[in-house]
Structure formats: C-alpha cells, structure tokens
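2 protein chains.
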Amino acid sequence: MTPQEGSQSNLKRETIQRFISAFIVAPFVVFCFVSYNSLVGLVAAIVMISAGELFFTTIKKYNTWLSFTYTAVVTTYPILYGIAFREHPLELLSIVYIVGIVIALSRVRNRDVITEIYFAYSTALIYIAFLLSFFIPLYDKFGPAVALLTLTIAWAYDSFAYAFGMVFGKHKFGSYYSPNKSWEGFFGGIFGTFMYIVLYQLIANAFFHSNMRLSFTLKVMIAILTGLLDTFGDIFESSIKRHYNVKHMGNLMPGHGGMLDRIDGLLFITPVVYIFLNMLYK
Amino acid sequence: MTPQEGSQSNLKRETIQRFISAFIVAPFVVFCFVSYNSLVGLVAAIVMISAGELFFTTIKKYNTWLSFTYTAVVTTYPILYGIAFREHPLELLSIVYIVGIVIALSRVRNRDVITEIYFAYSTALIYIAFLLSFFIPLYDKFGPAVALLTLTIAWAYDSFAYAFGMVFGKHKFGSYYSPNKSWEGFFGGIFGTFMYIVLYQLIANAFFHSNMRLSFTLKVMIAILTGLLDTFGDIFESSIKRHYNVKHMGNLMPGHGGMLDRIDGLLFITPVVYIFLNMLYK
Numbered sequence: 308m309t310p311q312e313g314s315q316s317n318l319k320r321e322t323i324q325r326f327i328s329a330f331i332v333a334p335f336v337v338f339c340f341v342s343y344n345s346l347v348g349l350v351a352a353i354v355m356i357s358a359g360e361l362f363f364t365t366i367k368k369y370n371t372w373l374s375f376t377y378t379a380v381v382t383t384y385p386i387l388y389g390i391a392f393r394e395h396p397l398e399l400l401s402i403v404y405i406v407g408i409v410i411a412l413s414r415v416r417n418r419d420v421i422t423e424i425y426f427a428y429s430t431a432l433i434y435i436a437f438l439l440s441f442f443i444p445l446y447d448k449f450g451p452a453v454a455l456l457t458l459t460i461a462w463a464y465d466s467f468a469y470a471f472g473m474v475f476g477k478h479k480f481g482s483y484y485s486p487n488k489s490w491e492g493f494f495g496g497i498f499g500t501f502m503y504i505v506l507y508q509l510i511a512n513a514f515f516h517s518n519m520r521l522s523f524t525l526k527v528m529i530a531i532l533t534g535l536l537d538t539f540g541d542i543f544e545s546s547i548k549r550h551y552n553v554k555h556m557g558n559l560m561p562g563h564g565g566m567l568d569r570i571d572g573l574l575f576i577t578p579v580v581y582i583f584l585n586m587l588y589k
Numbered sequence: 308m309t310p311q312e313g314s315q316s317n318l319k320r321e322t323i324q325r326f327i328s329a330f331i332v333a334p335f336v337v338f339c340f341v342s343y344n345s346l347v348g349l350v351a352a353i354v355m356i357s358a359g360e361l362f363f364t365t366i367k368k369y370n371t372w373l374s375f376t377y378t379a380v381v382t383t384y385p386i387l388y389g390i391a392f393r394e395h396p397l398e399l400l401s402i403v404y405i406v407g408i409v410i411a412l413s414r415v416r417n418r419d420v421i422t423e424i425y426f427a428y429s430t431a432l433i434y435i436a437f438l439l440s441f442f443i444p445l446y447d448k449f450g451p452a453v454a455l456l457t458l459t460i461a462w463a464y465d466s467f468a469y470a471f472g473m474v475f476g477k478h479k480f481g482s483y484y485s486p487n488k489s490w491e492g493f494f495g496g497i498f499g500t501f502m503y504i505v506l507y508q509l510i511a512n513a514f515f516h517s518n519m520r521l522s523f524t525l526k527v528m529i530a531i532l533t534g535l536l537d538t539f540g541d542i543f544e545s546s547i548k549r550h551y552n553v554k555h556m557g558n559l560m561p562g563h564g565g566m567l568d569r570i571d572g573l574l575f576i577t578p579v580v581y582i583f584l585n586m587l588y589k
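Residue numbers (the working numbering), protein chains in the order written: chain A, 308 to 589; chain B, 308 to 589.
Take a look at the structure:
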C-alpha cells in the first residue's frame with residue numbers, strides 16, 4: 308500500500324466506525340425522549356460527559372480534583388433546572404457560577420493558571436450546560452416531537468455535510484481553526500437537513516399522532532440556521548482543540564471522537580431553534 | 308521622611324482621595340435610582356465601563372478592535388434585558404454569548420491567544436453583565452429602597468472593612484490572591500454593615516415613606532452574606548489582576564482604582580440578595 312492508499316483505507320475505516328457507533332448509540336438517546344424526566348436525565352448525562360472531557364483536556368494537568376469537582380458542579384445546572392427550579396434558571400445559573408469561582412479560589416493558588424481555569428469553567432458552564440439545557444424548556448413547551456427534531460437535525464446536518472464534503476468537497480472555507488470544511492459540505496448539509504425535516508414531519512404525523520405543520524419557508528429557514536450554527540459551534544470547539552493541540556476532546560464513540568466533538572454544533576442550534584419557535588408560536 | 312513615613316503619608320493621601328471621590332460620585336449614582344429607566348441606564352453604564360476595563364487589561368494587547376466591540380456586545384445584555392426582554396433574559400444571554408463567540412472566530416486567527424479571549428469575554432458577560440443585571444429584577448420586584456440598600460451595603464461593607472482593617476488589622480486571612488485582608492477588617496465590615504442596615508431602614512421609613520421591615524435576624528444574615536460574598540468577589544477580581552500583574556483594572560476614581568475594582572464584591576452580592584429576598588417574600 309502507498310501512504311495515500313493507507314490514509315484512504317483509514318478514512319474508510321473511520322467512516323464505517325462512525326456508522327456503527329451511531330447506530331448503537333442513537334436508539335438509547337432517542338428512547339430518552341419518551342418522558343420529561345428521562346429527557347432531563349439525558350441532558351444531564353451529556354453535560355456531565357462533555358464537561359468532563361473539556362476539563363480533562365484543559366485543566367486536569369493542573370488539578371485532577373478540580374476537574375472532577377467542576378464536572379459535578381456544572382452538571383448540577385441541568386439537573387436542578389429540570390427537577391426543582393424550572394421557573395428560576397437565571398438565579399440557579401448565578402449561584403452555580405459563584406460556587407464554582409469560590410471553589411477555584413480556595414483550591415488553586417497559582418496566578419499563572421488561574422485564568423485558564425476560569426476559562427475552562429465558564430466555557431463548560433455556559434457553552435455546554437447552559438446552552439444544552441434549552442432542551443428542557445423546548446421539550447416542556449413544544450413537546451417530544453419538536454425536541455427530538457432539534458436533536459436530529461444536528462445529526463442530519465453533520466452526516467450530510469460530512470458525506471457531501473467527502474465526495475464533492477473542493478472549495479474550502481479557509482477557516483483557520485477547522486481547515487477541512489468545504490462549501491460543498493455546507494450546502495449539501497443544508498439540503499440534506501431540509502430533506503430530513505420533510506421526512507421527519509411526514510413520519511411523525513403519519514405514525515406518531517404528531518401535529519407538526521412546519522411550512523416550506525420555515526423548513527428552509529431551519530435548515531439554513533442549522534447549517535450556520537452547526538458550523539460556528541463546530542469551529543468554536545475546534546479552536547479550543549487547536550489551542551490544546553488535541554484532535555478530539557475524548558474517545559467515547561469510535562469514529563466520532565468524544566461526546567463534545569459530537570454535540571459542538573448542537574449547542575448553538577438548540578437555543579436558537581427554541582427562540583425561533585417561540586417567536587413564531589407565542 | 309523615612310520610607311515608612313513616606314508610605315504612611317501615601318496611604319493617608321489615598322484614604323483622603325477615596326473619601327473625596329466617593330462623595331463626588333455617590334450622589335449621581337444614588338440619583339439614578341429615581342426611576343426604572345434611569346436604573347437600567349446606570350447598570351448599562353457600569354457594565355460598559357467595567358467590561359471595558361477588563362478587556363483593556365486582558366486582551367487589548369492582541370486586538371484593540373475586539374476590545375471595543377466586546378465592550379459594546381456585553382453592554383447590550385443589560386440594555387436589552389431592561390428595555391425589551393424583561394421576560395426573556397435566558398434567551399437573550401444565549402444569543403449574546405453566541406454572537407460574541409462568532410465575532411472572535413471571525414476576527415482572531417491565533418490559536419495561542421484564542422482561549423484567553425474566550426476567558427475575558429465569558430468573564431465580562433457572566434461576572435459583570437449577567438450578575439450586575441440582577442439589579443433590574445431587584446428594582447422591578449422590591450422597589451428602589453431595597454435596590455439602593457443592596458448597592459449601599461456593598462459600599463458600607465467595603466468602607467468599614469477598609470477602616471477596621473487599617474486600624475486593627477493584625478490577623479491576615481492568608482489569601483494567596485489578596486494577601487492584605489484581615490479578620491479584623493472582615494468582622495468590622497460585617498458589624499458596620501449591620502449598623503448601616505439599621506440606620507438605612509430607620510431613615511427610609513421615617514423620611515421616604517418606605518415600608519421596610521427587615522427583622523433583626525434578617526439584618527444580621529444580610530450583613531454576614533455581604534461580608535462573605537464581597538470578600539470572595541474581591542478575591543476573584545484580585546486573582547485576575549494578579550495573573551495580569553496589574554494593581555488596578557482602571558483609574559476611574561482616584562483612590563479606588565477602576566470601576567471594576569469598586570464593584571467586584573457587589574457583583575456576587577446582588578444576585579444572592581435578590582434570591583434571598585425572593586425566598587422570604589414570595
């Protein structure tokens with residue numbers, strides 16, 4: 308085998324791994340949408356794994372104890388929000404933030420690394436816990452069909468963008484932090500997402516007594532928003548990985564990298580879809 | 308003059324400067340509590356100045372344009388929250404956060420400094436804009452007398468802690484980031500804050516038709532909370548200053564340092580007082 312052939316066969320193996328991993332994990336995730344409480348549990352589990360990955364990539368080298376403690380602190384946000392403080396997320400966020408800062412102040416006596424610890428903590432709290440927890444009001448207000456659609460359009464966009472990019476990708480964005488993204492992948496991803504929304508609505512209404520009536524324009528707009536936000540969310544996460552010189556945040560799902568690599572785009576999509584639907588149906 | 312006497316006379320001059328600055332600025336600040344809109348303006352102005360100081364201390368050396376832009380982005384939070392989105396602070400926060408991240412991604416192509424930029428941005432958004440904006444619901448729900456009390460207990464604690472610490476301070480906390488804090492200052496500050504609350508309630512009820520009925524226990528609890536939170540808020544800000552090797556974040560008020568040096572404790576006090584009162588009077 309030439310090196311070229313070797314790298315191509317690696318790529319092929321990675322693609323197959325991606326498929327298999329996805330088909331094993333997806334049903335469990337989808338099943339959690341059956342009730343409000345299991346949805347809260349799912350959000351908390353994803354926040355815990357992703358935040359843990361972020362802390363292990365960024366600050367574990369300074370303080371292992373803090374990485375574990377911060378993972379727990381950040382995970383309290385979706386749990387308490389979902390179970391006890393559905394009406395008071397703002398207050399909850401402020402308290403969790405202050406508690407985390409006080410923990411850092413009392414455990415870390417090193418002025419060289421303290422701001423990096425604040426960076427990791429704030430990013431885990433806002434980017435991961437705060438943004439993903441928009442699934443809680445999304446589910447609460449619009450029901451499981453819309454919440455599951457929000458999750459799966461991120462999957463659909465990722466998959467189509469990946470496939471179109473692999474096959475047709477020639478014109479690169481020129482993104483500094485994520486140089487392999489191509490316009491072909493971007494537009495292919497948006498097109499695929501649109502087709503997916505059409506199919507999803509048909510199936511949800513035909514077989515699951517759902518009552519979704521997203522107009523053509525709305526479907527197009529959601530697909531475009533998904534493409535834009537997924538791309539930015541992904542580049543944001545890539546920029547952190549570049550800083551720390553790692554390829555993946557974790558190694559949870561073979562072919563996908565870590566949990567955070569998997570949900571980076573979703574984190575920007577969820578609040579915006581929620582706000583968008585709220586503006587239309589209030 | 309011996310060096311000792313020189314440093315004492317410097318300290319004396321700084322104390323006098325503190326007094327004069329405070330007596331010039333305080334009336335303007337207090338006056339803004341006259342109406343809801345002027346309160347929102349005050350919060351926005353304080354956020355703008357403090358966030359600007361933070362960005363100029365931390366990331367201006369990498370990108371001046373970004374420091375100005377981020378100051379503006381962060382300031383939109385209290386303005387839009389106070390004026391247009393009183394019911395939707397959560398959604399507003401998520402959008403402001405995403406906008407700021409996208410701006411960094413499109414303007415900064417340097418993987419060495421990108422996480423430091425995220426640190427500065429998140430800290431300005433959560434620590435300064437998000438936490439200080441609790442004044443808006445505080446004013447809205449509990450009225451001007453309680454909001455002004457929240458602001459001025461932070462002043463009272465700072466002043467009494469400073470005075471008691473100067474005169475009696477012998478036993479230091481041993482705080483790594485803020486080594487000059489003493490237990491005498493801490494307890495003197497709490498005692499002074501308690502006396503201040505007693506006086507404030509008397510005056511507010513006697514002359515301003517207020518109807519405050521804080522019990523003895525409640526006054527003591529608020530004074531203790533103020534002491535704890537002010538101390539942690541102050542050490543948090545000090546830890547950032549230590550990292551950047553600066554004495555003050557700015558030089559707005561002679562004797563006080565910058566705006567952020569002045570409000571560092573208040574930022575932790577405001578949300579907790581709001582939550583505390585909500586738990587008691589709902």
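From the three backbone atoms N, C-alpha and C, an ideal C-beta is built for every residue, glycine too. What you are looking at is a predicted structure, and each value in this text was computed from that prediction instead of being measured.
Hey, quick one: how far does the alpha helix (DSSP H) through V527 (chain B) stretch, first residue to last?
-> 523 to 551
Separation of I497 (chain B) from F539 (chain A), as counted between CA atoms | 47 Å
Measure the C-alpha to C-alpha separation of L506 (chain A) and E423 (chain B) and round it to an integer number of angstroms.
-> 43 Å
Between P385 (chain B) and chain A, is there a C-beta pair that is closer than 8 Å?
-> no
Closest to L536 (chain B) by CA distance: which of B:M519, B:G565, B:P578 is it?
-> B:P578
Starting from F493 (chain B) and walking both ways along the alpha helix (DSSP H), at which residues does that stretch end?
-> 490 to 514
Short Cβ contact (8 Å threshold) for M556 (chain A) with E321 (chain A) | no
Beta carbon of G389 (chain B), beta carbon of I356 (chain B): below 8 Å?
-> no
Give the single residue among B:F449, B:G499, B:L587 whose Cα lies nearest to the Cα of D465 (chain B).
-> B:G499
Can you give the beta carbon distance from E491 (chain B) to G476 (chain B), rounded, assuming they're within the 8 Å contact cut?
-> 5 Å
Min CB distance L397 (chain B) to chain A below 8 Å = yes
Within-8 Å CB hit, F326 (chain B) to chain A | no
Which term fits L318 (chain A), buried or exposed, when burial requires 16 or more other beta carbons within 10 angstroms of its beta carbon?
-> exposed
According to a CB-to-CB cut-off of less than 7 Å, which residues of the segment 545 to 560 of chain A neighbour chain B?
-> S546, I547, R549, H550
Beta-carbon proximity list for V347 (chain B), same chain, < 6 Å, skipping 5 on both sides = G389
Beta-carbon contacts of Y354 (chain B) that lie in its chain and below 7 Å, excluding the five residues immediately before and after | Residue identity check: residue 354 (chain B) is Val in the sequence provided, not Tyr. Taken in chain order, the residues that qualify are V381, T382, P385, I435, A436, L439.
Distance between F330 (chain B) and S546 (chain A) (C-alpha atoms, nearest Å) | 47 Å
Which first and last residues belong to the alpha helix (DSSP H) in which P444 (chain A) is found?
-> 442 to 475
Residue span of the alpha helix (DSSP H) that contains V579 (chain B), given as start and end | 566 to 587
Under three-state DSSP, which class holds M355 (chain B)?
-> helix
Could you name the residues of the same chain whose beta carbon sits closer than 6 Å to that of V580 (chain B), not counting the 5 residues immediately before and after it, in chain order?
-> T457
Bridge partner(s) assigned by DSSP for M560 (chain B) = B:G564
Chain B contacts made by the segment 510 to 544 of chain A, where a contact means CB separation under 8 Å | L536, F539, I542, F543
Checking contacts by CB at 8 Å: is M308 (chain A) closer than that to chain B?
-> Note that M308 (chain A) has pLDDT 45, beneath the 50 cutoff, so the model's placement of it is unreliable and no number is given.
Any idea which residues DSSP pairs K479 (chain A) with across the strands?
-> A:S489
With A411 (chain A) as the anchor, note down where its alpha helix (DSSP H) starts and where it stops.
-> 396 to 414
Taking Cβ to Cβ, would you say I504 (chain A) is nearer than 8 Å to I582 (chain B)?
-> no
Of all Cβ atoms in chain A, is any one closer than 8 Å to the Cβ of P578 (chain B)?
-> yes
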